[in-house]
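Asks:
Chains as they are written, first to last, in the working numbering: chain A, 169 to 249; chain B, 169 to 249.
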């Protein structure tokens, strides 16, 4: 089974990377792009276990290592792939 | 409307950041984690437009700027949020 982790900068936190990408898109001529946020997408291949248990474990990993919970939020999805 | 972009290292490409996270998780005592891949999760706030058109435009942005298509793959989702 697999865990998909989506980590994004919190809404009220400055995201310089997102700002840079937004302005580069404008320079390339793309219009109508309002706000860009750049986060991380982490996938983990896990050994088979109950979904609830896997989710709790990966959320724990996020709090301890994968995300910086002061400035980032995370969401965990477990799939059976 | 919003575009969600998932960018991941290609399967056969070395992902040093993923390896580092995998080994840090092991050091923290997490077991049963086989493979970790670290990619990027980019969200773009777009002006209202037909979904097909938005998707094509964002895929174009991925090829030109957001992803390095030599070593990364990307997937674009459009939501009405």
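Think of the CB as a built atom: it goes at the ideal place given N, C-alpha and C, for glycine as much as any other residue.
On the DSSP bridge assignment, give the partners of residue 170 of chain A in chain order.
Replies: For the purposes of this step, residue 170 of chain A is identified with residue 2 of the first chain, where counting begins at 1. Per DSSP, A:213 and A:247.
Asks: Residue 212 of chain B to residue 204 of chain A, Cα distance in whole Å?
Replies: The residue you call residue 212 of chain B lines up with position 44 of the second chain. The residue you call residue 204 of chain A lines up with position 36 of the first chain. Answer to the nearest angstrom: the Cα atoms are 5 Å apart.
Asks: Quick one: using the 10 Å Cβ neighbour count with 16 as the cut-off for buried, is residue 221 of chain B buried or exposed?
Replies: As a working note, residue 221 of chain B is residue 53 in the second chain. Exposed, because fewer than 16 other Cβ atoms sit within 10 Å of the Cβ of residue 221 of chain B.
Asks: Would you say residue 206 of chain B lies against chain A (beta-carbon separation less than 8 Å)?
Replies: On the second chain, position 38 is the one that residue 206 of chain B refers to. Judged by the 8 Å Cβ criterion, residue 206 of chain B is in contact with chain A.
Asks: Residue 181 of chain B CB to nearest chain A CB: under 8 Å?
Replies: As a first step, residue 181 of chain B is located in the second chain; it is residue number 13 there, counting from the start. No, no contact with chain A.
Asks: I'd like to check one pair, residue 187 of chain B with residue 200 of chain A: are the Cβ atoms closer than 8 Å?
Replies: Position 32 of the first chain holds residue 200 of chain A. Position 19 of the second chain holds residue 187 of chain B. No, the Cβ-Cβ distance between residue 200 of chain A and residue 187 of chain B is not below 8 Å.
Asks: Within 10 angstroms of the Cβ of residue 171 of chain A, are there 16 or more other Cβ atoms? Answer buried if so, exposed if not.
Replies: Residue numbering aside, residue 171 of chain A sits at position 3 when the first chain is read from its first letter. Buried.
Asks: Using DSSP with H/G/I as helix, E/B as strand and the rest coil, what is residue 205 of chain B?
Replies: Along the second chain, read from residue 1 onward, the residue named residue 205 of chain B stands at position 37. Looking at residue 205 of chain B - three-state DSSP - the assignment turns out to be strand.
Asks: Taking Cβ positions, are residue 223 of chain B and residue 246 of chain B nearer each other than 8 Å?
Replies: Along the second chain, one-based indexing puts residue 223 of chain B at 55. Along the second chain, one-based indexing puts residue 246 of chain B at 78. Result yes, Cβ atoms of residue 223 of chain B and residue 246 of chain B sit closer than 8 Å.
Asks: Measuring only the C-alpha atoms, how far is residue 219 of chain B from residue 202 of chain B?
Replies: Along the second chain, read from residue 1 onward, the residue named residue 219 of chain B stands at position 51. Along the second chain, read from residue 1 onward, the residue named residue 202 of chain B stands at position 34. If I take the Cα positions, the gap works out to 37 Å.
Asks: Going by alpha carbons, who is nearest to residue 192 of chain B out of A:243, A:240, A:248 and A:232?
Replies: As a first step, residue 192 of chain B must be located in the second chain, where it is residue number 24. The option with the nearest alpha carbon to residue 192 of chain B is A:232.
Asks: Check each residue of the stretch 233–248 of chain A: if its Cβ is closer than 8 Å to any Cβ of chain B, include it; give the result in chain order.
Replies: Against chain B - using a Cβ distance shorter than 8 Å - the residues of the stretch 233–248 of chain A are 233 and 234.
Asks: I'd like to confirm the pairing. Which residues does DSSP put opposite residue 240 of chain B in its beta bridges?
Replies: Residue numbering aside, residue 240 of chain B sits at position 72 when the second chain is read from its first letter. Its beta-bridge partners are B:177.
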